[in-house]
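Visitor:
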Amino acid sequence: MSVIKGALTSNVTQLGSKLRSRPTQTFLCQKCCHVHTQGYQAMGSFHSENVDDLMMQPDAEYQPPPLPFTVSKDIAVGTPSSSLSSFRCSNDFLLDRETWTFLNHGAFGAALRVGYDRAAQWRYHLERQPLRYHDRDLLPHLVYSARRLAHFCRAPRDAFTLIPNVTYGLTTILRGYANNEKKPRVILWDTTYGSLKKTAHELFPGKVTEIPVTDYFHRWNTDVSSDDPSQVFEVALRDALRKLREDHHESLDNALLIIDHTTSNTALNIPLQPLSKIGKDNNMLVLVDGAHGILAQELTLNENNLPHVDFYLGNGHKWLSCPRGVGFLYCPNQNLRDSVLKWPAVMSHGVGEGFQSRFLWDGCRDYAAALSIPAVLDHWELKNLVQLRSDLQHKLKQAVRLLSLQWHGAFSEEEVEATLLAPWDVHAPMMVLLRLPDNLQSNMSTSDDAKAIQDFLYDNVIEVPIKCIRGVLYVRLSCHVYNELPEYERLGEIMLQYQRG
Numbered sequence: 001m002s003v004i005k006g007a008l009t010s011n012v013t014q015l016g017s018k019l020r021s022r023p024t025q026t027f028l029c030q031k032c033c034h035v036h037t038q039g040y041q042a043m044g045s046f047h048s049e050n051v052d053d054l055m056m057q058p059d060a061e062y063q064p065p066p067l068p069f070t071v072s073k074d075i076a077v078g079t080p081s082s083s084l085s086s087f088r089c090s091n092d093f094l095l096d097r098e099t100w101t102f103l104n105h106g107a108f109g110a111a112l113r114v115g116y117d118r119a120a121q122w123r124y125h126l127e128r129q130p131l132r133y134h135d136r137d138l139l140p141h142l143v144y145s146a147r148r149l150a151h152f153c154r155a156p157r158d159a160f161t162l163i164p165n166v167t168y169g170l171t172t173i174l175r176g177y178a179n180n181e182k183k184p185r186v187i188l189w190d191t192t193y194g195s196l197k198k199t200a201h202e203l204f205p206g207k208v209t210e211i212p213v214t215d216y217f218h219r220w221n222t223d224v225s226s227d228d229p230s231q232v233f234e235v236a237l238r239d240a241l242r243k244l245r246e247d248h249h250e251s252l253d254n255a256l257l258i259i260d261h262t263t264s265n266t267a268l269n270i271p272l273q274p275l276s277k278i279g280k281d282n283n284m285l286v287l288v289d290g291a292h293g294i295l296a297q298e299l300t301l302n303e304n305n306l307p308h309v310d311f312y313l314g315n316g317h318k319w320l321s322c323p324r325g326v327g328f329l330y331c332p333n334q335n336l337r338d339s340v341l342k343w344p345a346v347m348s349h350g351v352g353e354g355f356q357s358r359f360l361w362d363g364c365r366d367y368a369a370a371l372s373i374p375a376v377l378d379h380w381e382l383k384n385l386v387q388l389r390s391d392l393q394h395k396l397k398q399a400v401r402l403l404s405l406q407w408h409g410a411f412s413e414e415e416v417e418a419t420l421l422a423p424w425d426v427h428a429p430m431m432v433l434l435r436l437p438d439n440l441q442s443n444m445s446t447s448d449d450a451k452a453i454q455d456f457l458y459d460n461v462i463e464v465p466i467k468c469i470r471g472v473l474y475v476r477l478s479c480h481v482y483n484e485l486p487e488y489e490r491l492g493e494i495m496l497q498y499q500r501g
C-alpha cells in the first residue's frame with residue numbers, strides 16, 4: 001500500500017478537486033487512492049465510474065487516472081528527436097537484430113520496449129491483487145487509453161472505441177450488417193485481406209462481389225492518359241458497379257463497400273477520399289480496413305477529413321508498435337453505432353448499454369496491450385512524426401534503388417520504378433513490392449515457388465515475405481525506424497545465391 005500511495009500522492013489533491021466538481025456521486029478515498037462511487041455506475045458490478053461518462057467528459061474536467069505502480073526510469077519513453085537514427089531506434093525494440101535481418105514489420109509488427117514493459121507492469125499489478133485490478137483499476141485506465149488514442153487519430157471520442165484487433169471489428173460489422181440489411185451485398189477487392197474475404201463469403205454466400213483490380217495493374221505501364229496512377233482504383237470500382245447493375249439488376253442502396261487503406265499482400269495505398277465518395281454517391285455503406293494505417297500515415301478520423309467513411313478499423317500492433325492485442329473502431333454515425341454496432345463480436349456486461357460499455361469489456365482476458373497505449377503514444381509523441389515518415393520513405397527508396405541495381409541493373413528512376421508492382425505514388429508509405437531477379441522467375445511462377453524462396457531466406461536468418469502476384473514473384477520490403485541499409489544489401493546478396501529447383 002505504501003508503494004501505491006507514494007506513486008499517487010502528487011495526484012490526489014488535484015484528482016479530488018476534479019471529482020468534487022463532477023455531477024456524479026463520486027469521491028476519492030484518501031486511504032486507497034481509488035475513486036469510490038455511490039452505487040454501481042459501471043456495467044455489471046465493477047466498482048468504477050461509468051465508462052461512457054468518462055469517455056465523454058470534457059478535457060477541462062477530465063483527470064487521467066494515476067498509474068497504480070511506480071514507473072522505473074529504466075523504461076522511460078526516451079528523448080525527443082527530429083532525426084532518424086536506426087542504431088538509436090533499434091534499442092527501442094525487443095527484436096533480436098544481432099541474429100536476424102528483419103524486414104517484415106508489415107506482417108505482425110514488433111513491439112516497442114516501452115509498451116512491452118508497461119504491459120508487463122500491468123500484468124504483474126493484476127496478479128498482486130486481481131479484484132483491485134478488475135473492479136477499480138481496469139476500466140478507468142481503458143478509458144484513458146481510448147481517449148489518448150482518439151486524440152492521436154484526431155477522432156471525436158463519441159465515435160471511437162478500443163477493440164482487440166481489426167478482425168474483431170470486421171466480424172462485428174459484417175454480422176451487424178447481416179442482421180440489419182434484408183438484401184445485403186458486400187463489395188470488396190481481389191487484393192482484400194484473405195481472412196476478410198473468407199468471412200464475407202461465409203456470412204453472405206452468393207452476395208459478395210470481388211473487384212478484380214489486379215486486372216487493371218497493366219494500365220500503370222500502358223495508360224499514359226492520367227498523371228494520377230491511383231485512378232486505376234476508381235476505374236476498377238466504377239466498372240465493377242456498372243457490371244453489377246447490368247448482371248444482377250439490383251439496387252446498390254445499402255450495399256457494403258469495403259476498402260483497404262493499405263493492402264497487406266500487395267502493399268498498395270488505396271485512395272480513400274474518391275473511392276468512399278463513389279460509394280456514398282451510390283448510397284452504400286463504406287468500411288475501411290485500416291490495419292496498416294496508424295503511424296504509417298497521418299490519420300485524421302473525422303467527418304471533415306473523411307466525410308464518406310462510415311467505419312474505420314485499425315490495429316495497434318502494426319506500425320504503431322503496441323504489444324499485440326489492441327485495435328480501434330471509429331464510427332461517426334450514431335444510428336450505425338446503435339444498429340450495426342449494437343452487438344460486438346463478443347458480448348458481455350455492457351450489452352444494451354453505451355458504445356464504450358459494449359466494446360471496452362468483452363470478458364476476463366489480458367487487457368495489458370490496451371493499457372500500454374499511453375506509454376506507446378508518449379514515445380511517439382516525442383518524435384517529429386512528419387519528419388520520421390519522410391525519413392522512412394527516403395530510406396525505403398534507397399533500399400529499392402540498391403536492390404533494383406543489383407538484381408535488374410536499373411539506374412534511372414523510371415527503370416527502378418519499373419521493377420515495382422506499382423508506381424511509387426500508389427505503394428504504401430513503409431512497404432513496397434519489388435520484383436525478384438529474372439533468373440528466379442518462370443513463365444508462370446506459383447505460391448509454391450514463393451514459399452521455397454522465403455524458406456531459403458529464413459534458413460539464412462532473413463525474415464521477409466515473398467509474394468506471387470499474377471505469376472510474378474516479388475519481395476515485400478518493410479521499413480521501420482530500426483531498419484538499416486546494410487540489411488537490404490544482405491538480402492540482395494543472399495537472394496542471388498538461391499538456385500531454382
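Position 302 of the sequence shown, counted from 1, bears residue number 302 in UniProt numbering, the numbering being contiguous throughout. For every residue, glycine included, the Cβ atom is placed at its ideal position computed from N, Cα and C. Every value quoted in this text rests on a predicted model; they were computed, and no experiment measured them.
Over the uninterrupted beta strand (DSSP E) stretch that includes Asp260, give me the two end residues.
Guide: Annotation for Asp260: the continuous beta strand (DSSP E) segment containing it runs Leu256 to Asp260.
Visitor: Excluding the five sequence neighbours on either side, which residues of its own chain have a C-beta within less than 8 angstroms of the C-beta of Thr209, listed in chain order?
Guide: Cβ within range, chain order: Arg185, Val186, Ile187, Leu188, Ala240 and Leu244.
Visitor: Which term fits Arg242, buried or exposed, when burial requires 16 or more other beta carbons within 10 angstroms of its beta carbon?
Guide: Residue burial is scored here from C-beta neighbours: Arg242 has fewer than 16 other C-beta atoms within 10 angstroms and is therefore classed as exposed.
Visitor: Just checking, does the stretch 416-436 make contact with the stretch 469-479 on the three C-beta pairs under 8 angstroms criterion?
Guide: yes
Visitor: Quick one: Cα of Arg157 to Cα of His134, how far?
Guide: Inter-residue distance for Arg157 and His134 is about 23 angstroms (C-alpha atoms, whole angstroms).
Visitor: Given a cut-off of 8 angstroms, decide if Leu403 and Tyr458 are closer than it, judged by their beta-carbon atoms.
Guide: no
Visitor: Please classify Gln63: does DSSP put it in a helix, a strand, or coil?
Guide: Secondary structure at Gln63: coil, using DSSP grouped into helix, strand and coil.
Visitor: Closest to Phe204 by CA distance: which of Val351, Thr171 and Asn333 is it?
Guide: The option with the nearest alpha carbon to Phe204 is Thr171.
Visitor: Where does Asn333 fall in DSSP's three states?
Guide: coil
Visitor: At the level of alpha carbons, what is the spacing between Pro453 and Val51?
Guide: Looking at the sequence provided, one finds Ile at residue 453 rather than Pro. If you take the alpha carbons of Ile453 and Val51, they lie about 50 angstroms apart.
Visitor: Pair every Cβ in the stretch 93-111 with every Cβ in the stretch 299-311, then say whether three or more of these pairs are closer than 8 angstroms.
Guide: no
Visitor: With Arg476 as the anchor, note down where its beta strand (DSSP E) starts and where it stops.
Guide: Val472 to Ser478
Visitor: Roughly how many whole angstroms lie between the Cα atoms of residue 504 and Leu268?
Guide: An answer regarding residue 504 cannot be provided, because it is not within the stretch 1 to 501 covered by the chain.
Visitor: Just grab the DSSP bridge partners of Met431 for me.
Guide: Ser478
Visitor: Going by DSSP, name the residue or residues bridged to Trp189.
Guide: Ile211
Visitor: Among the candidates Ser251, Asn305 and Arg401, whose CA atom is the shortest distance from the CA of Asn282?
Guide: Ser251
Visitor: Nearest by alpha-carbon distance to Met56: which of Cys364, Gly293 and Ser357 is it?
Guide: Ser357
Visitor: Tyr117: buried (16+ other C-beta within 10 angstroms of its C-beta) or exposed?
Guide: The residue you asked about is not Tyr; residue 117 is Asp in the sequence shown. Buried, because 16 or more other Cβ atoms sit within 10 Å of the Cβ of Asp117.
Visitor: Let me confirm a value: Arg154 is counted as buried when at least 16 other C-beta atoms fall within 10 Å, else exposed. Which label applies?
Guide: exposed
Visitor: Less than 8 angstroms between the beta carbons of Leu491 and Ile462, yes or no?
Guide: yes
Visitor: Per DSSP, what kind of secondary structure is Asp362 in: helix, strand or coil?
Guide: Per DSSP, reduced to three states, the secondary structure at Asp362 is coil, with no helix or strand assignment.
Visitor: Considering only heavy atoms of the ligand ADP, does any lie closer than 7 angstroms to the CB of Gly316?
Guide: This structure lacks the ligand ADP, and indeed carries no ligand of any kind.
Visitor: Between Gly325 and Val346, how many whole angstroms is the CB-CB distance? I'm expecting something under 8 angstroms.
Guide: Rounded, the Cβ-Cβ distance is 13 angstroms, inconsistent with contact.
Visitor: Taking the beta carbon of Ser372 as the centre, do at least 16 other beta carbons fall within 10 Å, making it buried, or is it exposed?
Guide: buried
Visitor: Determine, for Trp361, whether the minimum Cβ-Cβ distance to residues of chain D falls below 8 angstroms.
Guide: As a matter of chain content, chain D is missing from the structure shown, which is built from one protein chain.
Visitor: Arg128: which of Pro68, Ser478, Thr101 and Leu103 sits nearest, CA to CA?
Guide: Pro68
Visitor: Grab the span of the alpha helix (DSSP H) containing Val340 for me, first residue to last.
Guide: Unbroken run through Val340: none, as it is neither H nor E.
Visitor: Report back the beta-carbon spacing between Thr161 and Leu329 to the nearest angstrom; my notes put them in contact at under 8 angstroms.
Guide: 5 angstroms
Visitor: Skipping 5 residues on each side, what residues in its chain have a beta carbon closer than 6 angstroms to that of Leu295?
Guide: Trp319 and Leu320
Visitor: So which of Ala200, Phe355, His292 and Asp260 has the shortest CA-CA distance to Ala146?
Guide: Phe355
Visitor: Starting from Asp289, follow the beta strand (DSSP E) in both directions and report where the run begins and ends.
Guide: Leu285 to Gly290
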